[in-house]
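Accompanying notes for the structure given below.
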Amino acid sequence: MSALQPVRGTHDILPEDMRRHRRVADGARGAAALYGFQEMATPIFEFTDVFKRTLGDTSDIVTKEMYSFERGGDFLTLRPENTAGVARAVISGGLLQQAPLKYFYYGPMFRYERPQKGRLRQFHQIGIETIGVAEPLADIEVIAAGARVLDTLGILARTTLEINTLGDSESRTSYRQKLVDYLKGHEGALSEDSRKRLDRNPLRVLDSKDEGDRKIVANAPLFDDSLTPAARDFYAKVSDGLTRLGIAFSRNQRLVRGLDYYCHTAFEFTTTELGAQSAVMAGGRYDGLIEQMGGPATPGVGWAAGVERLSMMLQDPLPAPRPFAIVPIGPEAETMALTLAEELRRSGITVELGYRGNMSRRMKAANKVNARAAILIGENEISRNAATVRDLDTGEQAEVPLQALKDRLVQFR
RNA sequence: GCGGGCGUAGCUCAGUUGGUUAGAGCGCCAGAUUGUGGAUCUGGAGGUCGCCGGUUCAAGACCGGUCGCUCGCCCCA
1435 MSALQPVRGT HDILPEDMRR HRRVADGARG AAALYGFQEM ATPIFEFTDV
1485 FKRTLGDTSD IVTKEMYSFE RGGDFLTLRP ENTAGVARAV ISGGLLQQAP
1535 LKYFYYGPMF RYERPQKGRL RQFHQIGIET IGVAEPLADI EVIAAGARVL
1585 DTLGILARTT LEINTLGDSE SRTSYRQKLV DYLKGHEGAL SEDSRKRLDR
1635 NPLRVLDSKD EGDRKIVANA PLFDDSLTPA ARDFYAKVSD GLTRLGIAFS
1685 RNQRLVRGLD YYCHTAFEFT TTELGAQSAV MAGGRYDGLI EQMGGPATPG
1735 VGWAAGVERL SMMLQDPLPA PRPFAIVPIG PEAETMALTL AEELRRSGIT
1785 VELGYRGNMS RRMKAANKVN ARAAILIGEN EISRNAATVR DLDTGEQAEV
1835 PLQALKDRLV QFR
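Numbering-wise (this note's numbering), the first sequence opens with residue 1435 and increments by one.
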């Protein structure tokens, strides 16, 4: 393993990718702000227990995907997701006094997985959380904000919204029992993976891609039959709300969540454009989470989206800003160019200063940085206290007095 | 953790049934052009053929291992 290679599953984000990345993060932040979500950040590592206790000991994330280490006697873990961190922050900061809380976040996450298309070991997520609202209105708002984010990025039409209800804990326990009873009857026919799931997380079997499993699942008891009236009512309110907002969705009864703390609403915006990965934004309600962490019983609902996945769906990155290039001709002009560049930059104009070479060379350099125009300064210009401004798109050029230079440059678009 | 595909210049790739000094396009550098970029022409730099071992008179090519990338499974954003 060469030290000169990036760590497997990590990537350098070079300027063009970075602009894409920025567009996702900035667009999402802006759209979320329209719904009252404010940005906050938590540390990228926490005590390991923060994740262990909330994600459940059997989840894949905890059993095989965490980057954990020990330092000074503390067991720490790079965050694999951010909901647990936000919940911890809310508890340790005593913020529940001010509930409801509505947060937006953006930042890197870490999972030790085999990298593939749309899956990295260090990746970035944006997300929102509404904490302290038990009403289905919060679920509707959270999903609507998600749709707004995707729409802002111009990719909503290329995604599908699927939603499901996982019910309250009463519905869940009773269904879990019915499902396990049913599946035990077909245990011999289940795939090896699904037999493992049967013990750990039976709901996952519903989501199996195995042909044989699917046949068995097709006749499994329906979750809806186990829903309590309250849970049924909750789901109805969410789906009515979405319908009223004109947000298209389909019910997917096989949609379950990998993480243990979800209840009631579960949803995913999916796409077919990312290879084996389909989810670009996923979330749901997690009413038990904060209590499970040792805080007061507090409901919550939110989603997270993968910035790299969203970036891949973006048509174009934000365009790079086009600078003006100063091209000095001769040593006297060269000293002048430095101060002129600084002066222009102070008034908010983007300027590139060629570093070396004769005029031809610097014009080439100006072209390479995609300069909008070149500002030529030579003996002639200096003697007249002027500069020659050459439009590099049209090739037109004219001499401009130095006092009028700023105003002239601002006219370029 | 499991399975498939692929590793030749900065990038995209060619390289014949194993045969001498490993090529192209793009990009890069310089010149044609000492006050004018893009286009064109000329020249130049750039490679331990991923790495280690094996087979062979001879390996970029064949075999084994290894590392990396990639696609998929599991799981997930």
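Beta carbons are placed, not taken as given, at the ideal position from N, Cα and C, and that holds for glycine.
Cβ of Gly-1734 within 8 Å of Cβ of Ile-1525? Along the first sequence, read from residue 1 onward, the residue named residue 1734 stands at position 300. Along the first sequence, read from residue 1 onward, the residue named residue 1525 stands at position 91. Against a cut-off of 8 Å, the Cβ pair of Ile-1525 and Gly-1734 comes out as no contact.
Rounded to whole angstroms, what's the CA-CA distance from Phe-1657 to Leu-1448? Just pull it up for me. In the first sequence, counting from the first residue as 1, residue 1657 sits at position 223. In the first sequence, counting from the first residue as 1, residue 1448 sits at position 14. One C-alpha to the other measures close to 47 Å.
Looking at Ile-1763: is its Cβ nearer than 8 Å to the Cβ of Leu-1810? By 1-based counting over the first sequence, the position of residue 1763 is 329. By 1-based counting over the first sequence, the position of residue 1810 is 376. A contact, by the Cβ cut-off of 8 Å.
Measure the C-alpha to C-alpha separation of Asp-1602 and Ser-1502 and round it to an integer number of angstroms. Counting from 1 along the first sequence, the entry for residue 1602 is found at position 168. Counting from 1 along the first sequence, the entry for residue 1502 is found at position 68. So the two alpha carbons sit approximately 32 Å from each other.
Would Leu-1600 and Val-1672 qualify as a contact pair, given that the criterion is a beta-carbon distance under 8 Å? In the first sequence, counting from the first residue as 1, residue 1600 sits at position 166. In the first sequence, counting from the first residue as 1, residue 1672 sits at position 238. Not in contact: Leu-1600 and Val-1672 (Cβ atoms no closer than 8 Å).
Run through DSSP, which three-state label would Phe-1471 get? Stepping through the first sequence from its first residue, residue 1471 is reached at position 37. Phe-1471: coil per DSSP, three-state reduction.
State yes or no: is the C-beta of Val-1458 within less than 8 Å of the C-beta of Ser-1745? Taking the first sequence and counting its residues from 1, one reaches residue 1458 at position 24. Taking the first sequence and counting its residues from 1, one reaches residue 1745 at position 311. Closer than 8 Å, so yes.
Closest by CA to Val-1441, which one among Lys-1536, Ala-1716, Phe-1557? Here residue 1441 corresponds to residue number 7 of the first sequence, with the count starting at 1. Checked all of Lys-1536, Ala-1716, Phe-1557; the closest Cα to Val-1441 is Phe-1557.
Are the Cβ atoms of Cys-1697 and Tyr-1669 separated by less than 8 Å? For the purposes of this step, residue 1697 is taken as residue 263 along the first sequence, with counting starting at 1. For the purposes of this step, residue 1669 is taken as residue 235 along the first sequence, with counting starting at 1. For Cys-1697 and Tyr-1669, no; Cβs fall outside 8 Å.
Would you say Glu-1621 and Glu-1702 are within 8 Å of each other, going by their C-beta atoms? Looking up residue 1621 in the first sequence gives position 187. Looking up residue 1702 in the first sequence gives position 268. Their beta carbons are not under 8 Å apart, which means Glu-1621 does not touch Glu-1702 by this criterion.
For Arg-1553 and Glu-1833, the rounded distance between their alpha carbons: By one-based count along the first sequence, residue 1833 stands at place 399. By one-based count along the first sequence, residue 1553 stands at place 119. Roughly 54 Å separates the two Cα atoms.
Which residues share a DSSP beta bridge with Pro-1762? Within the first sequence, numbered from 1, the residue matching residue 1762 stands at position 328. Ile-1811, per the DSSP bridge assignment.
Among the candidates Ala-1568, Gln-1559, Pro-1542, Ile-1562, whose CA atom is the shortest distance from the CA of Gly-1722? Here the question's residue 1722 lines up with position 288 in the first sequence. Answer by Cα proximity: Ala-1568.
Excluding sequence positions up to five away, which residues of its chain have a Cβ less than 7 Å from the Cβ of Ala-1623? Here residue 1623 refers to the residue found at position 189 when the first sequence is read from its first residue. Within the same chain, Ala-1623 has close Cβ partners Gly-1646, Ile-1650.
To the nearest angstrom, how far is the alpha carbon of Ala-1808 from that of Asp-1750? Numbered from 1 along the first sequence, position 374 holds the residue referred to as residue 1808. Numbered from 1 along the first sequence, position 316 holds the residue referred to as residue 1750. Straight-line Cα distance between these residues: approximately 27 Å.
Starting from the Cα of Leu-1512, find the closest Cα among Thr-1476, Lys-1536, Asp-1825 and give me that residue. As a first step, residue 1512 is located in the first sequence; it is residue number 78 there, counting from the start. Measuring from the Cα of Leu-1512, the nearest candidate turns out to be Thr-1476.
Quick check on the DSSP output: what are the complete alpha helix (DSSP H) runs of length 4 or more inside the region 1451 to 1538, in order along the chain? 1482 to 1489, 1517 to 1526
Determine the contact status of Gly-1461 and Thr-1594, defining contact as a CB-CB distance below 8 Å. As a first step, residue 1461 must be located in the first sequence, where it is residue number 27. As a first step, residue 1594 must be located in the first sequence, where it is residue number 160. Their beta carbons are not under 8 Å apart, which means Gly-1461 does not touch Thr-1594 by this criterion.
Residue ranges of each alpha helix (DSSP H) run of no fewer than 4 residues wholly in the region 1686 to 1768, ordered along the chain? 1723 to 1726, 1741 to 1747
For Phe-1846, which of helix, strand or coil comes out of DSSP? One-based indexing of the first sequence puts residue 1846 at position 412. Of the three classes helix, strand and coil, the one that applies to Phe-1846 here is coil, per DSSP.
Secondary structure of Arg-1548, DSSP reduced to three states: Here residue 1548 refers to the residue found at position 114 when the first sequence is read from its first residue. If DSSP states are grouped into helix, strand and coil, Arg-1548 belongs with coil.
Taking the straight line between their C-alpha atoms, what separation do you get for Thr-1488 and Ala-1465? Residue numbering aside, residue 1488 sits at position 54 when the first sequence is read from its first letter. Residue numbering aside, residue 1465 sits at position 31 when the first sequence is read from its first letter. One C-alpha to the other measures close to 29 Å.
Start and end residues, alpha helix (DSSP H) containing Asn-1801: The count along the first sequence starts at 1 and reaches residue 1801 at position 367. 1793 to 1802 is the extent of the alpha helix (DSSP H) around Asn-1801.
State the CB to CB distance for the pair Tyr-1616 and Ala-1579, rounded to an integer number of angstroms; the pair is presumed to be in contact (CB under 8 Å). Locating residue 1616 in the first sequence gives position 182, where the first residue counts as 1. Locating residue 1579 in the first sequence gives position 145, where the first residue counts as 1. The pair is not a contact, with the Cβ atoms about 37 Å apart (cut-off 8 Å).
Which of helix, strand or coil DSSP assigns to Val-1441: Within the first sequence, the letter at position 7 stands for residue 1441. Coil at Val-1441, not helix or strand.
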